[in-house]
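Visitor:
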Amino acid sequence: MSLECAHCGTRCADGSPRCPKCLRATNLMPVVDAPAPRPRRARVVVAVVTLLLVVGGGGAWHTLRSRRALDRVRPIPTEVAPQANDPLVAGAELQEVVARVRAERDPVARARRAAELVHQRRQAGVVGEGEAVPPPRSPDLVWRVLPSARERVSTLDLARLVATLLRAAGDPAAVAERTAPARSDEPADPTGMLGSFVVRAGDHVVEVADGTLTAQASVAHQSLDNAELAGAISAQAALELATSQGPRDRALQYASAAVDAWGASPTPLLARARVWIEVGGSSGLDLADSDLRAAIALRDDPAAHLARARVLLAMDRLAEAATESLRAARMSPAWGTAGLAMIALRPVLERLDASAPEGCDGLRRARAPWTDDAYALCAPGVADEARRASAARLLAGSDDPLRAAYAVVTLGAESATALHDRLRVGPRRETARWLMLLGHGELAARVLGDVDGGR
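Residue numbers (this note's numbering): 325 to 779.
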């Protein structure tokens, strides 16, 4: 029996207190040393038995191969966020929870129990569009903050917690990225930068956002190995730093490390694009556009198209911005954000002779909680009092520049001035651009800090 470091792959003798190469003490995993070669006759018997198993039990072989893929270990870039080094470790605070999961009779029951325990405890909201990105937390800390309605967690945080509980209970489990939406008329990840994550547990998938268990074949997903998971965590860390005015160089370091570690997915490119927008300076928009085009080439996603439209709008490339928005709206007709963009960009699309879906109708079909308020702002026949109440809720609910622009149109100059004090420079400028498209230059000026409203 030997020990192998899950971080760097170095092997050492059983009983060693820490890895002799990277000096980590928490990553040592027991491994069985390779047995001596078997006699030829034994090898023949094993080969025959294996062939029979493959022919007669293809499903079991597929499961075994999938489990081996989940345990694949690759080198992790040294530039990743510190939280990425021990992403699935159950600390002291989780041991009682692990015991409750382990007490279930079989792997399916244990997966269902882990999902239920996390979902029943969670009062914290899952990060939505326009909301602040939380820093990546350890599984223990995620468990600790779940009962607080004031907290926000990502689906990556929840997936890491569920996977940690299952692994600590002795079952193979892996964090996986959802690669297609649950509903064809909505994007898989409306934030367009964080990704949407589930947990692969044997032949099932845990939907961490609602605590349900479903057959893995019904959910389009890709399991993450250790390096890809480190990349996902680093992407979230980079977004948190960039959007909270943290150290610029560190945000860019984590974002680029995420792309290096998780190159098969467009999600780290989308995250880095957002980081470029926030901290990239004069060249940030060009670099963001480059990353967004690369992300779309990897996976044609409506959220990526709308993210690129917003970058093109900031670069005053209105025709291209309108075209990208139109693609997003056609791909996800029930996505409220795409509906709002369509209303604002309709004059540009009409000049291009492009047939655009009706934005308000899209909002009527949308299922996000905020879209009822957004519909009230653009639909005819809504009473002024109700319209203002919807605008106030919309403005309080997130810092999304597109939603903020519509709310300010209803609430007027005072809200525009207040928004200037509340928003960072980047979102402030984007809000002003949407207001200009909506024909409210005086409100745009106030959002930018001109208290005279451009007069």
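In this text, a Cβ means the ideal position worked out from N, Cα and C, and glycines have one as well.
Let me know the secondary structure DSSP gives glycine 605 once reduced to three states.
Guide: As a first step, residue 605 is located in the sequence shown; it is residue number 281 there, counting from the start. Here glycine 605 sits in helix by DSSP.
Visitor: Whole angstroms are fine: how far does the CA of serine 714 sit from the CA of valine 706?
Guide: Along the sequence shown, read from residue 1 onward, the residue named residue 706 stands at position 382. Along the sequence shown, read from residue 1 onward, the residue named residue 714 stands at position 390. So the two alpha carbons sit approximately 10 angstroms from each other.
Visitor: Considering only the alpha carbon of each residue, which of Ala541, Asp625 and Ser520 lies closest to isoleucine 557?
Guide: As a first step, residue 557 must be located in the sequence shown, where it is residue number 233. It is Ser520 whose Cα lies nearest to the Cα of isoleucine 557.
Visitor: Figure out for me which residue from Val771, Arg752, Leu611 and Ala710 has the closest Cα to the Cα of glycine 736.
Guide: Position 412 of the sequence shown, counted from the start, is the residue given in the question as residue 736. It is Val771 whose Cα lies nearest to the Cα of glycine 736.
Visitor: Enumerate, from N- to C-terminal direction, the unbroken beta strand (DSSP E) stretches of 3 or more residues contained entirely within the segment 618-701.
Guide: none
Visitor: How would you write the range of the alpha helix (DSSP H) that leucine 518 sits in, first residue to last?
Guide: Counting from 1 along the sequence shown, the entry for residue 518 is found at position 194. Looking at the DSSP string, leucine 518 is not in any alpha helix (DSSP H), and its letter there is neither H nor E.
Visitor: Select from Val442, Ser614, Ala456 and Ala541 the residue whose C-alpha is nearest the C-alpha of glycine 535.
Guide: In the sequence shown, residue 535 corresponds to position 211, counting from 1. Cα-wise, what sits closest to glycine 535 is Val442.
Visitor: What's the gap between the Cα of leucine 762 and the Cα of alanine 668?
Guide: Position 438 of the sequence shown, counted from the first residue, corresponds to residue 762. Position 344 of the sequence shown, counted from the first residue, corresponds to residue 668. Whole-angstrom Cα-Cα distance: 6 angstroms.
Visitor: According to DSSP, is leucine 784 helix, strand or coil?
Guide: The question about residue 784 has no answer, for the chain in this structure spans 325 to 779.
Visitor: Determine the direct distance from the alpha carbon of serine 679 to that of aspartate 495, and round the result to whole angstroms.
Guide: For the purposes of this step, residue 495 is taken as residue 171 along the sequence shown, with counting starting at 1. For the purposes of this step, residue 679 is taken as residue 355 along the sequence shown, with counting starting at 1. Their Cα atoms are separated by approximately 52 angstroms.
Visitor: Among Leu616, Thr515, Ala438 and Ala405, whose alpha-carbon lies nearest the alpha-carbon of glutamate 455?
Guide: Numbered from its first residue, the sequence shown carries residue 455 at position 131. Looking at Leu616, Thr515, Ala438 and Ala405, the one whose alpha-carbon comes closest to that of glutamate 455 is Thr515.
Visitor: DSSP on histidine 764, reduced to helix/strand/coil?
Guide: The sequence position of residue 764 within the sequence shown is 440, counting from 1. Correct three-state label for histidine 764: coil.
Visitor: Grab me the residues of alanine 473's own chain with a C-beta within less than 6 angstroms of its C-beta, minus the 5 sequence neighbours each way, in chain order.
Guide: Counting from 1 along the sequence shown, the entry for residue 473 is found at position 149. Close CB contacts of alanine 473 within its chain, under the 6 angstroms cut and outside five residues either way in sequence, are with Gln447 (chain order).
Visitor: Using only the alpha-carbon positions, how far apart do tryptophan 600 and leucine 636 sit?
Guide: Within the sequence shown, the letter at position 276 stands for residue 600. Within the sequence shown, the letter at position 312 stands for residue 636. When the Cα atoms are used, tryptophan 600 and leucine 636 turn out to be separated by approximately 14 angstroms.
Visitor: Buried or exposed: glutamate 738, going by 16 or more other Cβ atoms within 10 Å of its Cβ?
Guide: As a first step, residue 738 must be located in the sequence shown, where it is residue number 414. Its Cβ having fewer than 16 others within 10 Å, glutamate 738 is exposed.
Visitor: Taking Cβ positions, are alanine 698 and glycine 660 nearer each other than 9 angstroms?
Guide: Counting from 1 along the sequence shown, the entry for residue 698 is found at position 374. Counting from 1 along the sequence shown, the entry for residue 660 is found at position 336. Yes, Cβ-Cβ distance for alanine 698 and glycine 660 is below 9 angstroms.
Visitor: Specify the secondary structure class of leucine 412 as computed by DSSP and reduced to three states.
Guide: Indexing the sequence shown from 1 puts residue 412 at position 88. Leucine 412: coil per DSSP, three-state reduction.
Visitor: Note down, in chain order, each residue of its chain lying with its Cβ closer than 6 angstroms to the Cβ of valine 379, except the 5 sequence neighbours on either side.
Guide: In the sequence shown, counting from the first residue as 1, residue 379 sits at position 55. Its pLDDT being 40, under 50, valine 379 is placed unreliably by the model, and the measurement read from it follows with that caveat. Hits under 6 angstroms: none found.
Visitor: Return the chain-ordered list of same chain residues with a C-beta closer than 8 angstroms to the C-beta of leucine 676, the five sequence neighbours on each side being excluded.
Guide: The residue given as residue 676 occupies position 352 in the sequence shown. The answer, listed in chain order, is Ala643, Ala646 and Thr647.
Visitor: For the segment 459-468 against the segment 409-428, are there 3 or more C-beta pairs whose distance is under 8 angstroms?
Guide: The answer is yes - the segment 409-428 touches the segment 459-468, with three or more Cβ pairs under 8 angstroms.
Visitor: If you draw a straight line from the alpha carbon of leucine 470 to that of leucine 482, how long is it in whole angstroms?
Guide: If you number the sequence shown from 1, residue 470 lands on position 146. If you number the sequence shown from 1, residue 482 lands on position 158. If you take the alpha carbons of leucine 470 and leucine 482, they lie about 9 angstroms apart.
Visitor: Return yes when the Cβ of methionine 639 is within less than 9 angstroms of the Cβ of aspartate 615, no when it is not.
Guide: The residue you call residue 615 lines up with position 291 of the sequence shown. The residue you call residue 639 lines up with position 315 of the sequence shown. Result no, Cβ atoms of aspartate 615 and methionine 639 do not sit closer than 9 angstroms.
Visitor: For the alpha helix (DSSP H) that serine 714 lies in, which residues bound it at each end?
Guide: Translated into the one-based positions of the sequence shown, residue 714 becomes position 390. From DSSP, the alpha helix (DSSP H) with serine 714 extends over 708-721.
Visitor: Closer than 8 angstroms is the cut-off here; do at least three beta carbon pairs connect the segment 616-629 with the segment 536-547?
Guide: no
Visitor: Let me check one thing: in DSSP terms, what residues is leucine 537 bridge-paired to?
Guide: Working through the sequence shown from its first residue, we reach residue 537 at position 213. According to DSSP, which records beta bridges pairwise, leucine 537 is partnered with Val530.
Visitor: Relative to the C-alpha of threonine 695, which candidate in Asp708, Asp724 and Arg524 has its C-alpha closest?
Guide: Position 371 of the sequence shown, counted from the first residue, corresponds to residue 695. The shortest Cα separation from threonine 695 among Asp708, Asp724 and Arg524 belongs to Asp724.
Visitor: For arginine 436, collect the residues of the same chain with a Cβ closer than 7 angstroms to its Cβ; drop the 5 residues on either side in sequence, then sort them by chain order.
Guide: The residue given as residue 436 occupies position 112 in the sequence shown. Closer than 7 angstroms at Cβ, skipping near neighbours: Leu537.
Visitor: The beta strand (DSSP E) that contains arginine 502, what's its start and end?
Guide: To locate residue 502, count along the sequence shown from 1; it is residue 178. Looking at the DSSP string, the run of the beta strand (DSSP E) that includes arginine 502 is 498-502.
Visitor: Would you list the residues sitting across from serine 547 in a DSSP beta bridge?
Guide: To locate residue 547, count along the sequence shown from 1; it is residue 223. According to DSSP, which records beta bridges pairwise, serine 547 is partnered with Ala500.
Visitor: Between Pro431, Arg654, Gly604 and Val532, which has its C-alpha nearest proline 626's C-alpha?
Guide: Residue mapping note: residue 626 aligns to position 302 of the sequence shown, counting from 1. Just measuring C-alpha positions, the residue of Pro431, Arg654, Gly604 and Val532 sitting nearest proline 626 is Arg654.
Visitor: If I follow the unbroken alpha helix (DSSP H) through proline 463, where does it start and stop?
Guide: Taking the first residue of the sequence shown as 1, we reach residue 463 at position 139. Proline 463 -> alpha helix (DSSP H) spans 463-469.
Visitor: When you compare only the Cα positions, how much space is there between valine 583 and glycine 555?
Guide: Translated into the one-based positions of the sequence shown, residue 583 becomes position 259. Translated into the one-based positions of the sequence shown, residue 555 becomes position 231. Cα-Cα distance, rounded: 7 angstroms.
Visitor: Can you tell me which of Ala559, Val422, Gly570 and Arg398 puts its alpha carbon nearest to the alpha carbon of alanine 404?
Guide: For the purposes of this step, residue 404 is identified with residue 80 of the sequence shown, where counting begins at 1. First, the amino acid is wrong: residue 404 is valine here, not alanine. Shortest Cα-Cα distance from valine 404 to any of Ala559, Val422, Gly570 and Arg398 involves Ala559.
Visitor: Closest to methionine 517 by CA distance: which of Asp527, Ala566, His528 and Arg524 is it?
Guide: Start at 1 with the first residue of the sequence shown, and residue 517 comes out as number 193. Methionine 517 has its Cα closest to that of Ala566, out of Asp527, Ala566, His528 and Arg524.
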